[in-house]
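In the working numbering, the protein residues as written are 22 to 300.
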């Protein structure tokens, strides 16, 4: 059997298929970003899902698309973790950007973006990633990502920029305290994931004008700053992958249309789209 996975810092989606392209199982486990986690943590994040462990011995092939695997040392680190659990499998590890590109653009050229916990983009020629702006982490980049929106929510809360009702709801739902926020941002690991944990507030209070304006601001920033850095961004379809893009695709499409750009596919997760590519 074959495992296809989409691994991020927050979670990993797994799809198990047989040689006839039949889906045997769908699983979810913890994040597997080797630049964020040590080997022990990644092993535990997989092991938390007993269903995956029950099938581990029968897996003969793994195709994992993940964040933080562009560096060969990081990729080898993740491969060691996987081989320790799936001892019978041939393991193949690719970047999450390539997975998003193959799942959305297929064999056609396009600009492909990920808008999830973090954000990233590339120019894909239908076969390979030809150009990428270069991911410089959540402090410098990640516009319109979950952690970017989480940061804006916290800033607006502490600067008293939220409407009163939204502010009261935000305070009630998250029990916001300055010392707790500072501890999570500056003393604990994965501050980007912590920031992204506030993004679901936007879905829950989606009808608020404040939330809609925040979404437009984030998508506008991503299009005008990141995507416009590609010389051919006006000529190619714009494809998106990730929970933020998928959940708020109405606002995303409106920003794309406003700039006269070409909208492509918008998907939440590339795993099912990649079955035909590997089986």
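A virtual CB, placed ideally from N, CA and C, is assigned to each residue, including glycine.
### Message
For residue 203, list the residues DSSP reports as bridge partners.
### Response
Position 182 of the chain shown, counting from 1, holds the residue named residue 203. Under the DSSP definition of a beta bridge, residue 203 lacks any partner.
### Task
May I ask you to report which of helix, strand or coil DSSP gives residue 78?
Within the chain shown, the letter at position 57 stands for residue 78. The three-state reading of DSSP puts residue 78 in helix, counting H, G and I together.
### Task
Can you tell me which of the three DSSP states residue 286 falls into?
Your numbering for residue 286 matches position 265 in the chain shown. DSSP, read as helix, strand or coil, puts residue 286 in strand.
### Cα-Cα separation between residue 114 and residue 183, rounded to whole angstroms
As a working mapping, residue 114 is identified with position 93 in the chain shown. As a working mapping, residue 183 is identified with position 162 in the chain shown. Note on geometry: alpha-carbon atoms of residue 114 and residue 183 lie some 43 Å from one another.
### Query
Whose C-alpha, out of 80, 91, 139, is nearest the C-alpha of residue 150?
Within the chain shown, residue 150 is the residue found at index 129, counting from 1. When the alpha-carbon of residue 150 is set against those of 80, 91, 139, the nearest one is in 91.
### Message
Relative to the C-alpha of residue 292, which candidate in 121, 154, 187, 57 has its C-alpha closest?
### Response
Position 271 of the chain shown holds residue 292. Residue 292 has its Cα closest to that of 121, out of 121, 154, 187, 57.
### Query
Among 207, 125, 244, 181, which has the Cα closest to the Cα of residue 163?
Stepping through the chain shown from its first residue, residue 163 is reached at position 142. Residue 244 holds the alpha-carbon nearest to the alpha-carbon of residue 163 among 207, 125, 244, 181.
### Message
Helix, strand or coil, according to DSSP, for residue 31 in the structure here?
### Response
If you number the chain shown from 1, residue 31 lands on position 10. Residue 31 falls in the coil class under three-state DSSP.
### Task
Look at residue 161 and residue 219 and say whether their C-beta atoms are less than 9 Å apart.
Reading the chain shown from its first residue, position 140 is the one you call residue 161. Reading the chain shown from its first residue, position 198 is the one you call residue 219. In terms of Cβ geometry, residue 161 and residue 219 do not form a close pair [threshold 9 Å].
### Message
Which same chain residues end up closer than 8 Å to residue 65 when comparing Cβ atoms and leaving out the 5 residues on each side of it in sequence?
### Response
As a first step, residue 65 must be located in the chain shown, where it is residue number 44. Once the five neighbours on either side are set aside, the close Cβ partners of residue 65 are 51.
### Query
Going by DSSP, what residues sit across from residue 213 in a beta bridge?
The sequence position of residue 213 within the chain shown is 192, counting from 1. The bridge partners DSSP lists for residue 213 come to none.
### Cutoff 6 Å; reference residue 111; Cβ partners in own chain excluding five residues on either side
Sequence index remark: in the chain shown, residue 111 carries index 90 (1-based). Non-local C-beta neighbours of residue 111 in its own chain, meaning closer than 6 Å and more than five positions away in sequence, comprise 82, ordered along the chain.
### Query
For residue 41, does the count of other Cβ atoms within 10 angstroms reach 16, so buried, or fall short, so exposed?
Here residue 41 refers to the residue found at position 20 when the chain shown is read from its first residue. By the neighbour-count rule (16 or more Cβ atoms within 10 Å), residue 41 is not buried but exposed.
### Message
Suppose you measure from the CA of residue 236 to the CA of residue 59; what does that come to, to the nearest Å?
### Response
Mapped onto the chain shown, residue 236 falls at position 215. Mapped onto the chain shown, residue 59 falls at position 38. Taking the straight line from one Cα to the other gives about 34 Å.
### Message
Could you check whether residue 283 and residue 258 sit closer than 9 Å to each other, using their CB atoms as the reference points?
### Response
If you number the chain shown from 1, residue 258 lands on position 237. If you number the chain shown from 1, residue 283 lands on position 262. In contact: residue 258 and residue 283 (Cβ atoms closer than 9 Å).
### Query
Which partner residues does residue 103 have in the DSSP bridge list?
For this step, residue 103 is matched to residue 82 along the chain shown. Paired residues: none, contrary to the question.
### Task
Decide if residue 123 is buried, meaning its Cβ has at least 16 other Cβ atoms within 10 Å, or exposed.
Sequence index remark: in the chain shown, residue 123 carries index 102 (1-based). Counting every other CB atom within 10 Å of its CB across the protein chains shown gives residue 123 a total of 16 or more, marking it as buried.
### residue 182 in three-state terms, based on DSSP
Position 161 of the chain shown, counted from the start, is the residue given in the question as residue 182. In the structure shown, residue 182 sits in coil (DSSP, three-state: anything other than H, G, I, E or B).
### Query
In whole angstroms, what is the alpha-carbon distance linking residue 215 and residue 242?
Taking the first residue of the chain shown as position 1, residue 215 is located at position 194. Taking the first residue of the chain shown as position 1, residue 242 is located at position 221. Counting only the Cα atoms, residue 242 lies some 22 Å from residue 215.
### Query
Which term fits residue 207, buried or exposed, when burial requires 16 or more other beta carbons within 10 angstroms of its beta carbon?
Taking the chain shown and counting its residues from 1, the one referred to as residue 207 is at position 186. Answer is exposed; the Cβ neighbour count stays below 16.
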